[in-house]
Amino acid sequence: MNGRRNDNREEFVMRSTLRTGVCFGLATAFLGTLASAETTLRWADPLDIYSLDPYSYGSTSNLAFLNHIYDGLVRYTPEFEVVPALATKWELIDNKAWRFHLRQGVKFQNGAEFNADDVVASLNRASHPKSPLRGNIPLFAGVTKVDDFTVDVAVKSPSTLFLNDMTNIFMFDAGWLEDNDALEPTDVSAQIEGFATYNTNGTGAFILESRVPDSKTVLVVNDDWWDEKQHNIDRIEFTPITSASTRTSALLSGEIDLSSDAPLQDLERLSAQPNLKVVKRTQLRTIMLGMHREEKLDDGRDNFFNDLRVRQAIDMSIDRELIAERVMRGLARPAGTLVAPEIPGFSEEINELTPVDVDKAKALLTEAGAMGAEFTLVCSNNEYVNSEEVCSALISMFSRIGLKPTLDSGPSSIQAPKRNSGKTDMYLMGWANEPTLDAYSLLIQVLHTKEGEAGVANRGGWSYPELDAMVAEAALEQDRETRLAIENKALKLARDEIIMMPLFQIPMAWAMSDKVTEVSIGADNKARHWLTRMAE
Amino acid sequence: MLVFILQRVLNAVMVMLAVALLAFLIFQFAGDPVAQLANEQMSQADRDALRERLGLNDGFVTQYLRFVVNAAQGNFGISYRNGQEVLGLIAARFPATMELVLVATALSLLIGIPLGVLTAIHRGRWFSEALQFTSIIGVSLPSFVVGILLILVFSVILGIMPAFGRGEVVQLGWWSTGLLTPSGRLALVLPAISLSLYQITLIMRLVRAEMMEVMRSDFVKFARARGVPRWRIQYIHALKNCLMPVITMTAMNMGALIAFALITETVFQWPGMGMLFIQAVTFIDIPVMAAYLCIISFIFVALNTIVDITYAVIDPRLRHATR
Amino acid sequence: MPSPVSHDSIAVAEPVSPVPLPGRLARFRSSDLWYSFTRKRSAMFAAFALIFLIVTAFSAPLIAPQNTYDPSQLTLLNSEIPPIWEDGGQMPFLLGTDTQGRDMLSAILYGSRVSIVIGIASVILSLGIGLSLGLTAGYFGGFVDNILMRFGDVLLSIPTILIAILVSAVAMQALPPELREVGAGAVLVLAITLSGWVQYARIVRAQTIVERRKEYVQAARLLKVPARRIMVNHILPNTLTPIMVAATLNFGMAILTEATLSFLGIGMPPSQPSLGTLIRFGNQFLFSGVWWVVVFPVVQLCLLVVSVNVLGDWLRDALNPKLR
Chain A
15 MNGRRNDNRE EFVMRSTLRT GVCFGLATAF LGTLASAETT LRWADPLDIY
65 SLDPYSYGST SNLAFLNHIY DGLVRYTPEF EVVPALATKW ELIDNKAWRF
115 HLRQGVKFQN GAEFNADDVV ASLNRASHPK SPLRGNIPLF AGVTKVDDFT
165 VDVAVKSPST LFLNDMTNIF MFDAGWLEDN DALEPTDVSA QIEGFATYNT
215 NGTGAFILES RVPDSKTVLV VNDDWWDEKQ HNIDRIEFTP ITSASTRTSA
265 LLSGEIDLSS DAPLQDLERL SAQPNLKVVK RTQLRTIMLG MHREEKLDDG
315 RDNFFNDLRV RQAIDMSIDR ELIAERVMRG LARPAGTLVA PEIPGFSEEI
365 NELTPVDVDK AKALLTEAGA MGAEFTLVCS NNEYVNSEEV CSALISMFSR
415 IGLKPTLDSG PSSIQAPKRN SGKTDMYLMG WANEPTLDAY SLLIQVLHTK
465 EGEAGVANRG GWSYPELDAM VAEAALEQDR ETRLAIENKA LKLARDEIIM
515 MPLFQIPMAW AMSDKVTEVS IGADNKARHW LTRMAE
Chain B
93 MLVFILQRVL NAVMVMLAVA LLAFLIFQFA GDPVAQLANE QMSQADRDAL
143 RERLGLNDGF VTQYLRFVVN AAQGNFGISY RNGQEVLGLI AARFPATMEL
193 VLVATALSLL IGIPLGVLTA IHRGRWFSEA LQFTSIIGVS LPSFVVGILL
243 ILVFSVILGI MPAFGRGEVV QLGWWSTGLL TPSGRLALVL PAISLSLYQI
293 TLIMRLVRAE MMEVMRSDFV KFARARGVPR WRIQYIHALK NCLMPVITMT
343 AMNMGALIAF ALITETVFQW PGMGMLFIQA VTFIDIPVMA AYLCIISFIF
393 VALNTIVDIT YAVIDPRLRH ATR
Chain C
75 MPSPVSHDSI AVAEPVSPVP LPGRLARFRS SDLWYSFTRK RSAMFAAFAL
125 IFLIVTAFSA PLIAPQNTYD PSQLTLLNSE IPPIWEDGGQ MPFLLGTDTQ
175 GRDMLSAILY GSRVSIVIGI ASVILSLGIG LSLGLTAGYF GGFVDNILMR
225 FGDVLLSIPT ILIAILVSAV AMQALPPELR EVGAGAVLVL AITLSGWVQY
275 ARIVRAQTIV ERRKEYVQAA RLLKVPARRI MVNHILPNTL TPIMVAATLN
325 FGMAILTEAT LSFLGIGMPP SQPSLGTLIR FGNQFLFSGV WWVVVFPVVQ
375 LCLLVVSVNV LGDWLRDALN PKLR
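Protein chains in written order, with our numbering: chain A, 15 to 550; chain B, 93 to 415; chain C, 75 to 398.
Here is the structure:
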């Protein structure tokens, strides 16, 4: 610390600060905010959106949010039916291309008219080699304008799955993109910002008013929306609140009207409040464990997971009902098979839970010579509801049968690349079968041998040619019932071989004040506030 | 004089270069940016191209120099997490943090100084001992615990204070302020208290120590002998002599307080730079982390240099003092 | 502490030196200290509390009802049992259990042990680095001094908490997962030490520069006593007073820093919870009625740091000659 000195200067400083302080106080006294009579939905979620550019990041929650501002050619109903949006109808031409007939008279929020050029520009942007969203439309082959309100989209295969994928591809205004030099997607490595990262111009039900990242994003109603307005909201104030307890206290104190992903542990308290209500259900997403299945573990040890007895032992050590009841507060649905009951391909026969049997598990482990085997469970702490707690509980259960597991837990931005590298011993993941909504999604992408486009999410490196054959058969099968039977057979094989271990379907819970009178909550946990109504 | 100022500024620049080197070094260990940026479907060729475009194949010195040159121009690149320009991201959050820090500093001066004088003058009395003891508890309570307790009591149990955020903000040019709206001011109260608690105790202790020393000095004895009223000696003459070190410490601590605010910001969901940083840490968003580190250090070094130079202007003897 | 040999070696210098022998000085001080200690009730209380906390924390494996590091001892069947005096409380969970069925008392004992070990280790490491670098810089001066102190300046121009966050976040990232369990504590110690040593180095350096000019050191140099011995045996003891105060207060700071990092989720992993980790988890349950999972760790952490700081505060006053 420096010595002290007596100087007039400091007195001057003190006085002038005082004076400005007073002026400041007076100025603030004159200003205040005006209360508004409009209907405002104050909505909180644990995560902020990443970007305002729908092509910047293939995140489901980001896209769900931006769907309020932008529309796609087609969209899902809350019951997952593909229905017209910016396209009024479509047909398959020669099994090579989809012809979309566009809705006429639709205006972008900057006043420009929506037409075929916009679709061409948008699809080119989405499928650009630099686009992070490219992987979301794997069947896309090219787009051509037929006339002002008709486009042909060439596809690699005639599967209707393409339409499902298209629900997530939103339409930009070509002129707006061109004027703002944003025809190409934002390239992170280019070290420049994209115009669309900050600015929006969609055809959607709401217009962006302002956005402060991590703080507040405000949407206002688009009175010129092309669709019939079912909501009565004038304004949406979206606030990300990471901390579970802060979200709860904000609901309790009435600072927010609605919280998606309300903390499970607080639901009891929240629903006990007279002015709050909680809506809860299970999602389509099944949480499951995958194991490394190559010959050696990544550290060079012989892979004990390849011994079916070890996998059986692990499977029967997991008390799914206890996890669902305690960690998930009775809101998760314990699972015996890898897909949820809502997903075609599911059947009740294969969904029976494996009985918990610690002694038998120990015996199996001893028999397989894997007693005391060490391995790491990779788990993320912010990907799924209470996933870290689930992993901790699993670690105890595995320890009890004589294994030596280690928990590697962290944020999903760090854990997901690890898991995807295919080197981890054991990992937790979720699969919702979206947007396909058919067990085929799990079979081809997760359970199939990793080769080409198949098995992209096969992170353990397993290979069951028998299963691959069934998947190929299902792909060619035209009859729905026969196909589902084949899928069911494949799922049964997965269960018998314990390729992966299903745990449960995760619950979702939204808590809201009773001012929110109607809200659409689908099993995909996406917000659709163009269907939300509030008390006037 | 000019030589002294130049020397000081040069010194500051050297320190900043070293900080930049340190930041740069730390982030060499933070993992491969390509692995972060690339999406799953990206081919190896695309990855290599990305690596080349990011300049990761260049030598260490080249990369460091490029980092420094860009940083000096305020170009920290764009965020890995959301593709926005890092400097813009930080600038947007700067007002929130500064308002919090300034209000907390004002609070700590307004509360800390009188308490310090009180405990110095009434040394040995029960309330001054009690205050001394309370101040120890003040430095011992972790900042996040204070925050949690404040939220629990004032937001949840009493329901009179907002639990998160900044309330309504008004945009004055690029500066967003919460001071002009009732909800903004209300939202500031709990975070500011929680942040200032530690600073209050520091200032109180400093004032107490300085006061006790001044009260023993000759000029106070003279004043007393000349019959100047006791309160006048204590509150005017003696206190005036204590203020310089207090103001110095406050100024020099500002940088640390800005960094420390990240805990308060996390607890109160305050949309400042600190929260941005913590989020960047969980995402390993290297450009944001590097920029935050450099900016905080810059504020810190700049304040120190200004304090040094100001002192030299006031007291010429210091210009020739060796370090 | 000085050895008898060294006393002999500078016996010539002794009478002319204005500074009393370090050994005697220390003894004298400590008796004075003891007097002051016995008169200050808060310091005595803090010392007893601290000893109690440290002893219970280190005997956790003996006295805790549950080994919280052994996951096979936890079962969800025991989750969220309230403390024994509440309805539904059951033995042996005196302070209740958390959502994983972990006994809170055991978790707190083991957690305190982690916090204390990290605190002590980082203080010792900082002391070791700070003292040796400070002595070297002060004694030799010149280029070495310049480099070392400039490096310190750089570290001091980054706030401590920031260095700690960056280092632990990056290092945890770099550690392979199987090492993370064991390595987490070491990383935290390193993260805290990185900026912690500078303060000691500065204190020691300043004192060394003063001492170096003194006659007894000059005499010892003339007698060709090795530099290292002069530094360790003669200069170092003279710097011990401020160092002791700083070390005590920094012990408290280190515990707080560790708790903060763990609270932010970049400290100790959930399988080896420190007090900060426990508070981070508990914080999620602030409103769900299981108050015991957050309140007890908070109380324990505060008790620990308050008693360290009360002790450090008393030590500073007691050792400050101006306040005698």
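The beta carbon of each residue, even a glycine, is placed where N, CA and C say it ideally should be. These figures come from a predicted structure and were not determined experimentally.
Selection from L393(C), M118(C), R302(C) that minimises the alpha carbon distance to L209(C): As a first step, residue 209(C) is located in the third sequence; it is residue number 135 there, counting from the start. The residue with the shortest Cα to Cα distance from L209(C) is R302(C).
As assigned by DSSP and simplified to three states, the class of F186(B): As a first step, residue 186(B) must be located in the second sequence, where it is residue number 94. Note: F186(B) maps to helix in three-state DSSP.
Start-to-end residues for the beta strand (DSSP E) that takes in S394(A): Taking the first sequence and counting its residues from 1, one reaches residue 394(A) at position 380. Looking at the DSSP string, the run of the beta strand (DSSP E) that includes S394(A) is 388–394.
Whole-angstrom distance between S224(A) and L389(C), CA atom to CA atom: Within the third sequence, residue 389(C) is the residue found at index 315, counting from 1. Within the first sequence, residue 224(A) is the residue found at index 210, counting from 1. Each residue's Cα considered, the two are about 55 angstroms apart.
Inter-residue spacing [alpha-carbon to alpha-carbon] between W240(A) and A111(A): Residue 240(A) sits at position 226 when you count from the first residue of the first sequence. Residue 111(A) sits at position 97 when you count from the first residue of the first sequence. Going by the C-alpha atoms only, they are around 27 angstroms apart.
Near the ligand HEM: L352(C) beta-carbon under 6 angstroms from a heavy atom: Although the ligand HEM was asked about, the structure shown includes no ligands whatsoever.
For R249(A): DSSP bridge partner residues: Here residue 249(A) corresponds to residue number 235 of the first sequence, with the count starting at 1. Answer by DSSP bridge pairing, in chain order: T54(A), V234(A).
Buried or exposed by the 16-neighbour rule on C-beta atoms within 10 Å, applied to H214(B): The count along the second sequence starts at 1 and reaches residue 214(B) at position 122. Its Cβ having fewer than 16 others within 10 Å, H214(B) is exposed.
Residues that I428(A) contacts on chain B, provided the C-beta gap is smaller than 7 angstroms: Counting from one through the first sequence, the residue named residue 428(A) turns up at place 414. Those within 7 angstroms of I428(A) in chain B are I376.
Limits of the unbroken beta strand (DSSP E) element including Q519(A): Residue 519(A) sits at position 505 when you count from the first residue of the first sequence. 514–527 is the span of the beta strand (DSSP E), which, as asked, contains Q519(A).
Sub-7 angstroms separation of G193(C) and I277(C) beta-carbons: Sequence index remark: in the third sequence, residue 193(C) carries index 119 (1-based). Sequence index remark: in the third sequence, residue 277(C) carries index 203 (1-based). No, Cβ-Cβ distance for G193(C) and I277(C) is not below 7 angstroms.
Distance CB(Y64(A))-CB(N174(B)) smaller than 7 angstroms: Residue numbering aside, residue 64(A) sits at position 50 when the first sequence is read from its first letter. Residue numbering aside, residue 174(B) sits at position 82 when the second sequence is read from its first letter. For Y64(A) and N174(B), yes; Cβs fall inside 7 angstroms.
Under 7 angstroms from the C-beta of I255(A): neighbouring residues of chain B: Position 241 of the first sequence, counted from the start, is the residue given in the question as residue 255(A). The contacting residues are F256, Q361.
Three-state secondary structure assigned by DSSP to A111(A): Position 97 of the first sequence, counting from 1, holds the residue named residue 111(A). Here A111(A) sits in strand by DSSP.
Spatial distance of F225(B) from D333(A) (CA atoms): Position 133 of the second sequence, counted from the first residue, corresponds to residue 225(B). Position 319 of the first sequence, counted from the first residue, corresponds to residue 333(A). Going from the Cα of F225(B) to the Cα of D333(A) covers about 51 angstroms.
Against chain A: residues of the region 167–184 of chain C by CB proximity under 8 angstroms: Within the region 167–184 of chain C, the qualifying residues are T173, Q174, G175.
For L45(A), three-class secondary structure by DSSP: Locating residue 45(A) in the first sequence gives position 31, where the first residue counts as 1. Confidence in L45(A) is poor, its pLDDT being 39 and thus under 50, which makes the residue's placement unreliable; the coordinate value appears in the next sentence. Looking at L45(A) - three-state DSSP - the assignment turns out to be coil, as it is neither helix nor strand.
Minimum Cβ-Cβ distance from S26(C) to chain A less than 7 angstroms: With chain C running from 75 to 398 in the structure shown, residue 26(C) is simply not present.
Assumed close pair S263(A), F361(C) - CB separation to whole angstroms, cut-off 8 angstroms: Counting from 1 along the first sequence, the entry for residue 263(A) is found at position 249. Counting from 1 along the third sequence, the entry for residue 361(C) is found at position 287. About 7 angstroms separates the two Cβ atoms, so the contact holds.
Alpha carbon of A354(A) to alpha carbon of L106(A), nearest angstrom: On the first sequence, residue 354(A) is found 340 positions in, with the first residue counted as 1. On the first sequence, residue 106(A) is found 92 positions in, with the first residue counted as 1. So the alpha carbons of these two residues sit roughly 30 angstroms apart.
Short CB-CB distance (under 7 angstroms) between R283(A) and chain C: Position 269 of the first sequence, counted from the first residue, corresponds to residue 283(A). At least one chain C Cβ lies under 7 angstroms of R283(A).
Chain C residues whose Cβ lies nearer than 7 angstroms to that of V111(B): Position 19 of the second sequence, counted from the start, is the residue given in the question as residue 111(B). Under the 7 angstroms cutoff, chain C gives V228, S231, I232.
Rounded separation between H306(A) and T368(A) - CA only: Here the question's residue 306(A) lines up with position 292 in the first sequence. Here the question's residue 368(A) lines up with position 354 in the first sequence. Rounded to the nearest angstrom, the two C-alpha atoms are 21 angstroms apart.
Where I249(B) falls, given that 16 or more other Cβ within 10 Å makes a residue buried: Taking the first residue of the second sequence as position 1, residue 249(B) is located at position 157. Exposed: under 16 other Cβ atoms inside 10 Å.
Cross-chain neighbours of G208(A) in chain B, by beta carbon under 8 angstroms: In the first sequence, residue 208(A) corresponds to position 194, counting from 1. Those are G175, listed as they occur along chain B.
Helix, strand or coil at S331(A) according to DSSP, with G and I counted as helix: Working through the first sequence from its first residue, we reach residue 331(A) at position 317. Reduced to three states, the DSSP call for S331(A) is helix.
Run of the beta strand (DSSP E) containing T420(A), from where it starts to where it stops: Counting from 1 along the first sequence, the entry for residue 420(A) is found at position 406. Element bounds for T420(A): 418–424.
Rounded separation between P60(A) and G257(B) - CA only: As a working mapping, residue 60(A) is identified with position 46 in the first sequence. As a working mapping, residue 257(B) is identified with position 165 in the second sequence. Each residue's Cα considered, the two are about 14 angstroms apart.
Within-7 angstroms CB hit, V364(B) to chain A: Against the second sequence, residue 364(B) aligns to sequence position 272. Rather than Val, the amino acid found at residue 364(B) in this sequence is Gly. No - not a single Cβ of chain A is within 7 angstroms of the one on G364(B).
Span separating the alpha-carbon of Y213(C) from that of A280(C): Taking the first residue of the third sequence as 1, we reach residue 213(C) at position 139. Taking the first residue of the third sequence as 1, we reach residue 280(C) at position 206. Approximately 10 angstroms between the Cα atoms of the pair.
Environment of R427(C) [buried if 16+ CB atoms lie within 10 Å]: Outside the shown range of chain C, which is 75 to 398, sits residue 427(C), and nothing can be said about it.
Neighbour list for T149(C) in chain A, Cβ cutoff strictly below 8 angstroms: Here residue 149(C) refers to the residue found at position 75 of the third sequence. Ordered by position in chain A, the residues that pass the 8 angstroms Cβ test against T149(C) are S410, R414.
Assumed close pair I283(C), A294(C) - CB separation to whole angstroms, cut-off 8 angstroms: Numbered from 1 along the third sequence, position 209 holds the residue referred to as residue 283(C). Numbered from 1 along the third sequence, position 220 holds the residue referred to as residue 294(C). With 8 angstroms as the limit, I283(C) and A294(C) do not qualify as a contact, their Cβ atoms being about 16 angstroms apart.
Three or more C-beta pairs below 8 angstroms linking the region 215–234 of chain A and the region 79–97 of chain A: With the rule of 3 Cβ pairs closer than 8 angstroms, the region 215–234 of chain A counts as touching the region 79–97 of chain A.
Distance CB(V153(B))-CB(F168(B)) smaller than 7 angstroms: By one-based count along the second sequence, residue 153(B) stands at place 61. By one-based count along the second sequence, residue 168(B) stands at place 76. Cβ distance not < 7 angstroms, so V153(B) and F168(B) don't count as in contact.
Local conformation of D86(A) per DSSP, three classes: Working through the first sequence from its first residue, we reach residue 86(A) at position 72. Note on identity: in this sequence residue 86(A) is Gly, with Asp being the wrong assignment. The answer is strand: DSSP assigns G86(A) an E or B state.
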